[in-house]
Amino acid sequence: MPTRRQMLALGGGGVAALIAPPIVHAAQVEEIGMRGRARGEHVWFTPAGLAVAQGTLLRFVNHDAGNSHTATCYHPALFDRPQRIPEGATPWDSGFLLPGEAFEVRLTVPGVYDYYCIPHEHAAMVGRIVVGRPGDHGWLGAAVGAGDLPDVALIGFPAVEAILGAGRVMAPGQS
Amino acid sequence: MFPNLATATFGVALMLAVPALAHDEGALHETPPPAPYAKVSDLVALPDFLPGLGTLFVDPATLPAGPFLGYDRDGKLAATIYMTPIDSLQNGTAYDDLAVGAHDVSSVDIYYNAGHPGVDKPHAHVVLFHDEDAKARLAK
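Going down the list, the sequences are from chains A and B.
1161 is the number of the first residue of the first sequence in this note's numbering; add one for each residue after it.
153 is the number of the first residue of the second sequence in this note's numbering; add one for each residue after it.
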C-alpha cells in the first residue's frame, strides 16, 4: 500500500472570466507520475504539463523502481529558488518519495505553477501545472526570466498555450 | 545534506582513494562491509535495493566517485560501482587509483545516469561485476 504524504495548499478563490474555455481537466484528483528508465538514463514527470480546474487535488506518485524523486515548486521559501507560482499560493515540497510513495497538494489559486525534482533538475525533470485559465481573478501567468534555473530545466516547461490547448502535455519522447 | 557533503568532501575524496582497500578485500565479500562504509539508503532517500546495482554501501569520504559496493539479496558482494559526474570529467577532473571491492572482474558496464540523491548531477555509472552471474542477481 503506497505511503501517502499529504498537504493541502489552500488559497483564494477566483471568478471565472467569460472567455472561450480551453481544455481544463475538472476531475477531483489528477495524478502526475514520476518515472525513469531502468538504469536512470532518463527521468521525467508524466504528464509534464497539465491543465486543471481550481481546487483540483494533484497526486504525485513515484513509479520509478530505482530512484527517489521530489515534486518541489519554485519559491524563495524553498531552497531560495525564484518564485514561479502565483502570488498568494502556498509553496509546496513533497520531500523525497521512495518508489510507490505519493504526495498530494490541492491548488486553488489560478495561474501557472512550475515545479521540479530536486535531484533531477539538471536532468530536465521539471513540470508545469496551469490552474484555471487566463482571466480568472488573481490569475498569474508563467514566470518571466530565468533566475538561477539551468537552461536544461527552462526548456523543459511546456508552453502554457500548449497545456491549455491539449489539457496535458507529455515530456519529449514520452507518450 | 548529502549533496553538500559530497561537495565538501569531493577534493578529499580524490586524495583518499584508499588503494589499500584492494588488499583487504576479504572483509568486503559479505554485507555489511566494515566502517567507514555505510549503507547508502541510510544516508540518502533511496531504496535499500536498487535494481541493477543492488544494496549499496559507500565510504562517504570517497563521494562522489566511490567505490560503491553492490551486494545481492543474499548479502554477497556482486559489483563495485563508480559514479563520475559528467561536468567534472568535462572540466578535467580525473578519478585515478580508485579502490575495488574485489580483484576478480568478469565484465564491466558503463552507462549514463541522470542523477539521484547523493549524486544529483548527470554522471556515468561504471559497474564492475565480480562474477558472471552478478548482473542477473542484481537485476531485481
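Built from N, CA and C at the ideal position, the CB exists for glycine as well.
Every value quoted in this text rests on a predicted model; they were computed, and no experiment measured them.
Item	Value
Specify, as a first and last residue, the run of the beta strand (DSSP E) that R289(B) falls within.	Unbroken run through R289(B) is the alpha helix (DSSP H), A286 to A291; no beta strand (DSSP E).
If you count every other CB in all the chains shown that lies within 10 Å of the CB of S193(B), and 16 or more means buried, which is it?	buried
For G178(B), count the other beta carbons within 10 Å of its own beta carbon; 16 or more makes it buried, fewer makes it exposed. Which is it?	exposed
Mapping the DSSP letters down to three states, classify L198(B) as helix, strand or coil.	coil
Which same chain residues, not among the five before or five after D285(B), have their C-beta less than 8 Å away from its C-beta?	none
If I measure Cβ to Cβ from A266(B) and keep anything under 8 Å in the same chain, skipping five residues before and after, which residues do I get?	P274
Just to check my reading of the structure: V196(B) and A231(B) have Cβ atoms closer than 8 Å, yes? What is that Cβ distance to the nearest angstrom?	Going by Cβ atoms, the distance from V196(B) to A231(B) rounds to 19 Å, so no, they are not a contact pair.
Does chain B have any CB closer than 7 Å to the CB of R1199(A)?	yes
Against chain A, does L198(B) count as a neighbour if the rule is that its beta carbon must be under 7 Å from one of theirs?	yes
So what's T236(B) in DSSP terms, helix, strand or just coil?	strand
Between Y263(B), S259(B), L250(B) and G244(B), which has its C-alpha nearest L215(B)'s C-alpha?	L250(B)
Tell me whether the beta-carbon of L221(B) lies closer than 7 Å to the beta-carbon of F209(B).	yes
Would you tell me roughly how many angstroms separate the C-alpha atoms of H255(B) and D200(B), rounded to the nearest one?	25 Å
Who are the near neighbours of P1236(A) in its chain, counting only those whose CB is closer than 8 Å to its CB and skipping five residues on each side?	P1242 and Q1243
From the DSSP output, which residues share a beta bridge with E182(B)?	K228(B)
Of the choices G206(B), Y264(B), A276(B) and G270(B), whose alpha-carbon is the least far from that of D226(B)?	G206(B)
Please indicate yes or no: does the CB of G1209(A) lie closer than 6 Å to some heavy atom of the ligand HEM?	Ligands in the displayed structure: none, and consequently the ligand HEM is not present.
Taking DSSP's pairing of strands, which residues face W1299(A) in a bridge?	BP columns for W1299(A) are empty, so no partner.
Would you decide whether Y263(B) is buried or exposed? Buried here means 16 or more other CB atoms lie within 10 Å of its CB.	exposed
In the DSSP output, what is W1252(A) paired with across the bridge?	None; W1252(A) has no bridge partner.
If we cut at 7 Å on Cβ distances, does P1259(A) have a partner in chain B?	yes
Would you mind sorting L1267(A) into buried or exposed? The rule is 16 or more other CB atoms within 10 Å of its CB.	buried
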